[in-house]
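Those protein sequences? They're chains A and B, same order as listed. Start counting the first sequence at 1; every next residue gets the next number (my numbering). Start counting the second sequence at 261; every next residue gets the next number (my numbering). Below is one structure, written out as structure tokens; comments come after it.
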Amino acid sequence: MLSLLEIQHRIRDAVIADDAAGPLLPLLAGGRDPAARLAIHRHHYQASLTRALLDKFPAVSWLAGEHFATAAAQAFVRAHPPAVPCIAEYGADYPAFLASRAGAERLPYMRALAELEWHVGKVSIAVDRAPLTVESLASIDASELPDRHLTLQSGLRYCTAEWPIDDLIKQYLSDAAPERYAFSAADVQLEIRGARGEFRIERLAEAEFVFRSAVAGGVTIGTAAERALDINATFDPGQALLRLISAGLVIAIDKPETDA
Amino acid sequence: MALSRVRAMPTASGAGLRLPHLTDVVATRPSAAWFEIHPENFLTNPHAAELLVDIARDYLISVHSVGVSIGSASGIDRLHLARVQALIDQIDPIFVSGHLAWSTHAGEYLNDLLPMPYTRETLRIVSAHVDEVQDALGREYLVENPSSYVGFSTSTMTEVEFLSELVHRTGCRLLCDVSNIYLSAHNLGSDRDRYIADLPADAIAELHLGGFTPEPEEGGGEVLIDTHGSRIAEPVWAFYSRALKRFGPKPTLIEWDNDVPALDVILAETARADAVSQSTFAPKPSHALAS
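In structure tokens form, the structure reads like this:
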């Protein structure tokens with residue numbers, strides 16, 4: 001007789017991997033065809049998670065077509081079951097999976113677009129906090145600033161792409177369907193900010209992006225400034241810090257423990 | 261163990277609170293006795309959690325988890341349980357409940373409430389998990405009877421016997437899903453009236469009602485799918501009245517999780533549940549017989 005663990009392992013395979021219930025069948029009861037009844041759970045697993053991915057990455061469907069997107073989502077659901085019960089967390093690896101699918105080579109920017117959608121989804125459910133004001137800097141000795149860390153709003157992400165995917169997603173959001181759309185490779189550095197159902201995508205100059213993403217990554221203001229200056233010798237860290245604070249993106253300035 | 265933190269809960273009906281209705285409820289404060297939420301919709305959604313905390317100031321909340329998975333032989337997800345506890349700490353719900361089912365297996369979440377045989381082994385595992393959940397939460401856990409499409413020939417006890425023994429061993433209470441009893445009895449050919457007759461009425465803290473979808477089966481007949489995507493079926497209302505007669509007035513939740521309509525539609529179903537309850541317990545007019 002199979003243990004509960006063995007039964008659940010076989011049901012797991014029948015639900016996710018589409019394996020025949022096999023040795024499970026003699027144990028099942030219900031209806032004329034108990035295997036068909038078990039398949040109701042397989043269908044629910046497949047349909048509910050496929051729907052969740054399509055809802056989470058609508059621009060991918062817009063770009064690649066419903067057929068491609070649905071087939072990719074179904075394959076992902078079979079290959080990569082969720083690890084946690086919060087489906088909002090499901091799909092972080094989906095952009096990379098999309099890029100590995102046959103046919104994805106004709107859309108080399110699809111992965112980056114999907115990653116941008118993932119970030120947009122995350123920042124849109126964030127909650128922003130009261131930002132620091134520029135005046136609050138006055139209480140900090142300027143000589144100490146390079147050693148300080150900044151805590152940024154939680155609804156903030158930084159990403160780079162080799163295609164102007166921000167333009168692409170704007171096309172999607174505007175529901176535009178131009179007869180001809182010239183889309184050429186171009187490096188972009190993007191800041192995605194959002195909270196409480198809203199989001200905004202901004203393209204940053206490279207040094208500004210390096211500074212902000214380094215600060216977001218947890219390094220000190222001084223280290224972030226050095227990285228930005230490596231990109232652009234005329235970069236002004238003081239002005240960059242003021243711009244960051246003025247944009248309402250900083251919620252705290254902390255003393256450093258260790259530098260990243 | 262029997263931990264009791266159950267506050268006074270109205271016997272009026274409540275509504276499942278889903279993400280599309282959060283901002284409406286915050287803005288309009290509709291007339292509703294209470295709401296039930298799935299914590300999994302809020303644990304990784306700070307904006308939704310913020311709105312929920314606001315709503316919890318004015319409404320009683322019941323927390324109904326779909327991810328604790330007390331039936332998993334590979335163990336419950338303790339990290340998830342801790343996250344649910346953190347949410348509970350913020351909103352102080354009136355009830356916390358989950359399903360007699362399993363949904364996680366060896367680190368994977370199967371996004372469904374899956375069946376298991378009712379055996380001594382299963383009872384031992386589920387009882388241990390209910391004890392663990394109640395210890396972690398510091399309160400009674402309500403266990404819901406599942407919707408079933410398939411059973412096990414290896415079961416050595418009925419679902420009611422299993423639930424009754426679970427209550428006896430753990431001190432948990434029951435969330436009786438009336439629609440699930442109706443649906444499972446249809447799908448598995450069991451006696452639904454016998455089910456409510458044998459269920460320990462004293463242990464029942466809450467009732468559920470939800471819509472289901474009939475689907476034709478190969479070879480004839482139909483299977484009822486627990487879709488929670490429609491109004492309560494008419495025969496279920498009559499069965500609900502019989503269940504109330506057996507259990508007494510209980511807070512009843514209207515579940516609607518798919519094709520979610522405007523909140524008014526769901527609240528209209530709660531009003532109907534209240535009307536059924538009132539008519540079930542209304543004094544019957546007596547006739548003066550002429551002598």
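Glycine included, C-beta positions come from ideal geometry on N, C-alpha and C.
- Contact of A126/A with chain B is assigned, a C-beta pair being separated by under 8 Å.
- A check of alpha carbon separations from T512/B across S291/B, P375/B and E296/B identifies E296/B as the nearest.
- Residue state for P495/B is assigned as helix, using DSSP reduced to three classes.
- Contact annotation for N440/B against chain A: no contact, minimum CB-CB distance about 14 Å [criterion: below 7 Å].
- Using a CB distance cut-off of 8 Å, W516/B does not count as an interface residue toward chain A.
- By the rule that beta-carbons nearer than 8 Å mark a contact, Y45/A touches chain B.
- CA-to-CA, the gap between S444/B and L277/B works out to about 25 Å.
- Neighbours of N405/B across chain A, judged by C-beta separation under 7 Å, do not exist; the nearest C-beta is about 16 Å away.
- Relative to the Cα of E105/A, the nearest Cα in the group I125/A, G121/A, G91/A and F68/A belongs to F68/A.
- For secondary structure counted as the alpha helix (DSSP H) over 4 or more consecutive residues, the stretch 57-90 of chain A holds these complete runs in sequence order: 58-64 and 66-79.
- According to DSSP, residue pairing for L374/B in a beta bridge involves W362/B.
- Excluding five sequence positions before and after A531/B, the CB atoms of its chain that fall closer than 8 Å to its own CB belong to S273, given in chain order.
- Residues of the stretch 133-155 of chain A whose Cβ lies closer than 9 Å to any Cβ of chain B, in chain order: S154 and G155.
- Rounded to whole angstroms, V328/B and Q46/A show a C-alpha spacing of 21 Å.
- At a cut-off of 8 Å between C-beta atoms, V219/A does not count as an interface residue with respect to chain B.
- Closer than 8 Å to the CB of H119/A there is not a single CB belonging to chain B.
- Counting along the chain, L435/B sits inside the beta strand (DSSP E) bounded by residues R433 to D437.
- Shown here is that no member of the stretch 416-446 of chain B has a Cβ falling below 7 Å from a Cβ of chain A.
- V356/B has a beta carbon lying at 8 Å or more from every beta carbon in chain A.
- When the Cα atoms are used, A498/B and V286/B turn out to be separated by approximately 34 Å.
- The beta carbon of T288/B does not come within 8 Å of any beta carbon belonging to chain A, so the residue lies off that interface.
- Look at the stretch 19-34 of chain A: the residues with a C-beta under 9 Å from a C-beta of chain B are P26, L27, L28, A29, G30, G31, R32, D33 and P34.
- For P306/B, the chain A residues whose Cβ falls inside 8 Å of its Cβ are I125, A126, V127 and S154, in order along the chain.
- Here the alpha carbon of L38/A sits roughly 19 Å from the alpha carbon of T418/B.
- For Y94/A, the enclosing alpha helix (DSSP H) has its first and last residue at Y94 to A99.
- Taking 8 Å as the CB threshold, G197/A lines the interface with chain B.
- In the DSSP assignment, Q153/A falls outside any beta strand (DSSP E), carrying neither H nor E.
- Among the residues of chain A, those whose CB is under 9 Å from the CB of E310/B are V127 and R196, following chain order.
- Distance check between K122/A and each of H149/A, F199/A and V188/A places F199/A closest, using alpha-carbon atoms only.
- Rounded to the nearest whole angstrom, the CA to CA distance from S334/B to L5/A is 7 Å.
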